[in-house]
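Numbering follows the working numbering, in which position 155 of the sequence shown is assigned residue number 137; successive positions increment by one, without gaps.
Where a beta carbon is used, it is the ideal one built from N, C-alpha and C, also for glycine.
Below is one structure, written out as structure tokens; the observations come after it.
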Amino acid sequence: MSDELVITVAGVGAEVTRKEQPRLPLLPDEVGEEYRRAHGAGATIGHIHGRKPDGTPTQDLATFRSYAEAIRNRCPIIQQFSTGGAVGMGLEERIEALELRPEMATLTLGTCNFGDGIFENRLPTIRTILDRIRKFSITPELEIFDNGMLATADTLFAKGLLSPPLHFDFVLGVPGAAAATAGNLTHFARAIPAGCTWTAAGIGRRQTATTTMAIAMGGHVRVGFEDNIFYRKGELADSNARFVERVVRIAREVGREPATVEQARKILSLPSAA
Ligand code: KMH
Ligand code: ZN
């Protein structure tokens, strides 16, 4: 376990609307500012989804180029592009921005219910995304929303398509997938191969309980509007940075400092680690 805590900010997402969260960043400068503030508060990875100016989710190259530039011009946060996009999006759209060669990109290892929709990731889809990730020398973050996705990870390990050390993200509390419980988090953390690292994200009101468990267990954390828009019951968060500040406070109470960008690269075994 590393004492340093790698904090991911998922500040845009694909599902939350401006109506629900008026501070949701949509334009490149808004996204850049939001990630700059989150980085200043201690976040070292920026998980990125694209939005059109009207808020419609998009994974198009031009949007990601403008977001990536706006963030890069303001701070050195590690950029992690989503390849999940939004429920129902076509595969090509989900991965077209990878040619911009972000340092990291997500790879969800299976299909699950996602509220009223289905987040679809058949094995051929996973292989296509993984091929594209490899083509551009990007480091994957393996997204686990439910137990069966860990079995897919094992299959890919057995076939030699993935090899540890790898970084996982356990997303707990999506309606229709694994609940955000201590039991599930413990099971997921134990199930991955030795030497791998993991982050936990909790959806909605389970965000703070989930990240607090992860901090105590030696994992890493993800926070942000993609997962939760309320700072506490009935109170909307005024920025993504506010969530980052809270996990930093909790982490310091148990002797963990936020990782710097360079420390995060080492902890996650990113090829760019100095
Ligand atoms: N928006 C979700 C359906 C990812 O970023 O890779 C999928 C998602 C996963 O957010
Ligand atoms: Zn995402």
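Query raised in the report: How big is the Cα-Cα spacing for I120 and L138?
Result: 17 angstroms
Query raised in the report: With respect to the alpha helix (DSSP H) encompassing G184, which residues constitute its N-terminal and C-terminal limits?
Result: Where G184 is concerned, there is no enclosing alpha helix (DSSP H), although the beta strand (DSSP E) it sits in stretches over T179 to G184.
Report task. Could you check which residue in T168, L43, A219 and E217 has the C-alpha nearest to that of G200? Result -> T168
Query raised in the report: Taking C-beta to C-beta, are P158 and N95 nearer than 8 angstroms?
Result: Sequence inspection shows Gly at residue 158; the Pro mentioned does not correspond to that position. Yes, Cβ-Cβ distance for G158 and N95 is below 8 angstroms.
Report task. Under 8 angstroms Cβ to Cβ from V(-2), same chain only, skipping five residues before and after it: list those, please. Result -> L6, F207, E208 and I211
Query - Boundaries (first-last residue) of the alpha helix (DSSP H) holding F139 - result: Annotation for F139: the continuous alpha helix (DSSP H) segment containing it runs N129 to A140.
Query raised in the report: Between R204 and H29, which are expected to be in contact by the criterion C-beta below 8 angstroms, what is the C-beta distance as a whole number of angstroms?
Result: 7 angstroms
Query raised in the report: Between T137 and the ligand ZN, is the CB less than 7 angstroms from at least one heavy atom?
Result: No, since every heavy atom of the ligand ZN falls outside the 7 angstroms radius drawn around the Cβ of T137.
Query raised in the report: Opposite E81 in the DSSP bridges: which residues?
Result: Answer by DSSP bridge pairing: none, since E81 is not bridged.
Query raised in the report: Taking DSSP as the reference, what is the three-state secondary structure of N166?
Result: Reduced to three states, the DSSP call for N166 is helix.
Query raised in the report: Between E(-3) and the ligand KMH, is the CB less than 7 angstroms from at least one heavy atom?
Result: yes
Query raised in the report: For R214, which beta-bridge partners are listed by DSSP?
Result: E217
Query raised in the report: Which two residues bound the contiguous alpha helix (DSSP H) that contains V203?
Result: No alpha helix (DSSP H) holds V203; the beta strand (DSSP E) holding it covers H202 to V205.
Query raised in the report: So is R228 buried or exposed if we call it buried at 16+ other beta carbons inside 10 Å?
Result: buried
Report task. Grab me the residues of F127's own chain with a C-beta within less than 6 angstroms of its C-beta, minus the 5 sequence neighbours each way, in chain order. Result -> Excluding residues within five positions, the ones whose Cβ falls inside 6 angstroms are C94, V153, V156 and A159.
Query raised in the report: Is the number of C-beta pairs between the region 7 to 14 and the region 45 to 55 that are closer than 8 angstroms three or more?
Result: yes
Query raised in the report: If we count the other Cβ atoms within 10 Å of its Cβ and call it buried at 16 or more, is V236 buried or exposed?
Result: exposed
Query raised in the report: For the ligand FMN, is there a heavy atom less than 7 angstroms away from the beta-carbon of E12?
Result: Ligands displayed in this structure: the ligand KMH and the ligand ZN; the ligand FMN is not among them.
Query raised in the report: Since A246 and T88 are thought to touch, with beta carbons under 8 angstroms apart, how far apart are those beta carbons, to the nearest angstrom?
Result: Rounded, the Cβ-Cβ distance is 16 angstroms, inconsistent with contact.
Query raised in the report: Between Q61 and A50, is the Cβ-Cβ spacing less than 8 angstroms?
Result: Yes, these two residues count as a Cβ contact at 8 angstroms.
Report task. Provide the residue(s) that pair with R33 in DSSP beta bridges, ordered along the chain. Result -> P39
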